[in-house]
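Novice: Sharing a structure below in structure tokens format, with a few things to ask.
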Amino acid sequence: MVDLMPVDEAQSRAVFQKLSRQLSKLANKPAASNVHKFRTYSRRVEALVEALVANPKRKDKRLLKLLARLRKKAGRVRDLDVQIAALRSLKLPQEAERKSQLLRVLADERSARERRLERAFDQQQVSQLRKRLKRCAVKVEVPNSTAELLDLAIRPVLQLGANQGPLSEKRVHQYRIAGKRARYLAEIAGDDPQAKQLVEQLKRMQDVIGDWHDWLKLTERAEGVFDGAQGAVLIAALRNITRAKYRQAADVLQETRAKLAEKPSASPEISARKAQAHQGARVASMAA
Numbered sequence: 037m038v039d040l041m042p043v044d045e046a047q048s049r050a051v052f053q054k055l056s057r058q059l060s061k062l063a064n065k066p067a068a069s070n071v072h073k074f075r076t077y078s079r080r081v082e083a084l085v086e087a088l089v090a091n092p093k094r095k096d097k098r099l100l101k102l103l104a105r106l107r108k109k110a111g112r113v114r115d116l117d118v119q120i121a122a123l124r125s126l127k128l129p130q131e132a133e134r135k136s137q138l139l140r141v142l143a144d145e146r147s148a149r150e151r152r153l154e155r156a157f158d159q160q161q162v163s164q165l166r167k168r169l170k171r172c173a174v175k176v177e178v179p180n181s182t183a184e185l186l187d188l189a190i191r192p193v194l195q196l197g198a199n200q201g202p203l204s205e206k207r208v209h210q211y212r213i214a215g216k217r218a219r220y221l222a223e224i225a226g227d228d229p230q231a232k233q234l235v236e237q238l239k240r241m242q243d244v245i246g247d248w249h250d251w252l253k254l255t256e257r258a259e260g261v262f263d264g265a266q267g268a269v270l271i272a273a274l275r276n277i278t279r280a281k282y283r284q285a286a287d288v289l290q291e292t293r294a295k296l297a298e299k300p301s302a303s304p305e306i307s308a309r310k311a312q313a314h315q316g317a318r319v320a321s322m323a324a
């Protein structure tokens with residue numbers, strides 16, 4: 037019997053409210069915690085609008101476009117914060133000088149990116165975004181049941197698994213993005229046990245794949261800073277870590293795919309109706 041527990045609409049409204057509050061905080065100070073929270077909350081809002089607003093209007097699309105632009109700016113700062121932390125955690129005494137050199141490069145870029153981010157979040161921009169968020173929040177059509185919501189959430193992830201070919205770095209990264217969106221949708225089901233289990237599975241997959249991707253970007257950055265034999269030992273160490281992280285990510289991904297494939301879906305009638313209502317928005321999102 038499929039669980040038809042209703043979904044609390046207050047959960048979806050809270051997502052918009054949290055992002056609205058975070059906009060003001062980030063406008064005052066783009067600290068690492070504020071940048072990360074803004075990216076997370078904006079991703080959540082984007083996931084809800086793309087999946088649960090059946091007929092988005094021009095203003096809704098404009099909101100998504102503005103959020104995406106600011107999120108990318110914030111993402112560049114966040115990525116540098118993570119890369120700096122990862123590099124600092126690397127114990128490589130024989131390459132201390134190269135490590136310090138790379139840290140300085142990353143820190144300088146982080147400062148420059150932070151200044152650009154500060155300019156992007158002027159008070160007028162923040163005020164307009166908060167108004168747009170308030171108008172858009174009421175357009176979200178929350179599914180009637182948790183089963184329907186979870187079915188809608190995990191379908192794009194399962195569709196990625198329809199391709200039975202070997203995993204590639206590109207596909208693993210696609211799973212991370214699809215898994216994030218699925219998780220953010222599932223989270224509005226609140227304390228529902230089935231939803232909480234799904235959120236935990238998706239978060240583990242997201243975290244492990246994200247960890248690999250962060251080390252990959254750090255490795256690529258080091259390769260760009262040092263030429264030839266310069267920094268060869270440091271780069272070799274980073275590559276070894278990245279390869280190990282990728283193997284772990286692939287293992288967790290396979291495990292998560294198997295668990296998701298076992299989950300019961302909502303009734304075919306519900307799934308078909310909801311899929312038809314939101315297919316256009318999801319396809320456009322995945323292509324972006």
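Here our numbering is used: the first residue of the sequence shown is 37, the next is one more, and so on. For each residue, glycine too, the CB sits at the ideal point set by N, CA and C.
1. Are three or more beta carbon pairs between the stretch 92 to 106 and the stretch 211 to 226 nearer than 8 Å?
2. State the Cα-Cα distance for the pair Ser56 and Pro202, rounded to the nearest angstrom.
3. How big is the Cα-Cα spacing for Gln159 and Val118?
4. Can we say the stretch 242 to 254 touches the stretch 265 to 272, given the rule of at least three CB pairs closer than 8 Å?
5. Tell me whether Asp144 is buried or exposed, calling it buried when 16 or more other Cβ atoms sit within 10 Å of its Cβ.
6. Measuring CB to CB, does Leu238 end up less than 8 Å from Arg207?
7. With distances taken from CA atoms, which of Ser60, Val81, Glu45 is nearest Lys216?
8. Return the residue from the list Trp251, Ala272, His209 that minimises the CA-CA distance to Met241.
9. Ordered along the chain, which non-local residues of its own chain (more than five positions away) have a Cβ less than 8 Å from that of Ile120?
10. Contact between the stretch 124 to 139 and the stretch 163 to 175: three or more CB pairs below 8 Å?
11. Is it the case that the Cβ atoms of Arg152 and Ala110 are separated by a distance below 8 Å?
12. For Val319, which of helix, strand or coil comes out of DSSP?
13. Taking all protein chains shown into account, do 16 or more other C-beta atoms lie within 10 angstroms of the C-beta of Pro192, making it buried, or fewer, making it exposed?
14. Roughly how many angstroms lie between the CA atoms of Asn70 and Leu62, to the nearest whole one?
15. Can you name, in chain order, every residue of its own chain whose Cβ lies under 8 Å from the Cβ of Ala297, other than the five neighbours on each side?
16. Please report the straight-line C-alpha distance between Asp287 and Ile190, rounded to a whole angstrom.
17. Let me check understanding here. Comparing Cα to Cα, which of Val85, Arg149, Leu252 lies closest to Ile271?
18. Determine the burial state of Val51: buried for a count of at least 16 other Cβ atoms within 10 Å of its Cβ, exposed for fewer.
19. Please report the Cβ distance between Val178 and Glu259, rounded to the nearest whole angstrom; I am assuming they are in contact, meaning their Cβ atoms lie under 8 Å.
20. Taking DSSP as the reference, what is the three-state secondary structure of Glu291?
21. What do you reckon, are the CB atoms on Leu84 and Val176 nearer than 8 Å?
22. Cβ of Gln290 within 7 Å of any heavy atom in the ligand NAP?
23. Do you know whose CA, among Val174, Gln290, Glu205, Leu116, lies nearest Ser48's CA?
Specialist: In this structure, then:
1. Between the stretch 92 to 106 and the stretch 211 to 226 there are fewer than three inter-stretch CB-CB distances shorter than 8 Å, so the stretches are not counted as touching.
2. If you number the sequence shown from 1, residue 56 lands on position 20. If you number the sequence shown from 1, residue 202 lands on position 166. If I take the Cα positions, the gap works out to 41 Å.
3. The count along the sequence shown starts at 1 and reaches residue 159 at position 123. The count along the sequence shown starts at 1 and reaches residue 118 at position 82. About 28 Å.
4. These segments do not touch.
5. Start at 1 with the first residue of the sequence shown, and residue 144 comes out as number 108. By the Cβ-count criterion, Asp144 is exposed, with fewer than 16 other Cβ atoms from all chains shown falling within 10 Å of its own Cβ.
6. For the purposes of this step, residue 238 is taken as residue 202 along the sequence shown, with counting starting at 1. For the purposes of this step, residue 207 is taken as residue 171 along the sequence shown, with counting starting at 1. Contact: no.
7. Counted from its first residue, the sequence shown places residue 216 at position 180. Among Ser60, Val81, Glu45, the Cα nearest to that of Lys216 is on Val81.
8. Translated into the one-based positions of the sequence shown, residue 241 becomes position 205. For Met241, the closest of Trp251, Ala272, His209 by C-alpha to C-alpha distance is His209.
9. Here residue 120 is taken as the residue at index 84 of the sequence shown, counted from 1. Excluding positions up to five away in sequence, the list reads Leu139, Leu142, Ala143, Arg146.
10. Flag = no, the stretch 124 to 139 and the stretch 163 to 175 do not touch.
11. One-based indexing of the sequence shown puts residue 152 at position 116. One-based indexing of the sequence shown puts residue 110 at position 74. The answer is no: Cβ separation not under 8 Å.
12. Taking the sequence shown and counting its residues from 1, the one referred to as residue 319 is at position 283. Because the pLDDT of Val319 is 39, which lies under 50, any placement of that residue in the model is unreliable, and the number read from its coordinates should be weighed accordingly. In the structure shown, Val319 sits in a helix (DSSP, three-state: H, G or I).
13. The count along the sequence shown starts at 1 and reaches residue 192 at position 156. With 16 or more Cβ atoms within 10 Å of its Cβ, Pro192 is classed as buried.
14. Start at 1 with the first residue of the sequence shown, and residue 70 comes out as number 34. Start at 1 with the first residue of the sequence shown, and residue 62 comes out as number 26. Each residue's Cα considered, the two are about 6 Å apart.
15. In the sequence shown, the residue the question calls residue 297 occupies position 261. Setting aside the 5 residues that flank it on each side, Ala297 is surrounded in the same chain by Leu194, Gly197, each with a C-beta closer than 8 Å to its C-beta; the list follows chain order.
16. Stepping through the sequence shown from its first residue, residue 287 is reached at position 251. Stepping through the sequence shown from its first residue, residue 190 is reached at position 154. Their Cα atoms are separated by approximately 19 Å.
17. Reading the sequence shown from its first residue, position 235 is the one you call residue 271. For the residues Val85, Arg149, Leu252, the minimum Cα distance to Ile271 belongs to Leu252.
18. Residue numbering aside, residue 51 sits at position 15 when the sequence shown is read from its first letter. The residue in question, Val51, is buried, as its Cβ has 16 or more Cβ neighbours within 10 Å.
19. Taking the first residue of the sequence shown as 1, we reach residue 178 at position 142. Taking the first residue of the sequence shown as 1, we reach residue 259 at position 223. Taking 8 Å as the upper bound for CB-CB distance, Val178 and Glu259 are not in contact here, some 46 Å apart.
20. Numbered from 1 along the sequence shown, position 255 holds the residue referred to as residue 291. Helix at Glu291.
21. Here residue 84 refers to the residue found at position 48 of the sequence shown. Here residue 176 refers to the residue found at position 140 of the sequence shown. Between Leu84 and Val176, the C-beta spacing is below 8 Å.
22. Judged by which ligands are present, the structure shown has none, so any question about the ligand NAP falls away.
23. Indexing the sequence shown from 1 puts residue 48 at position 12. Answer by Cα proximity: Val174.
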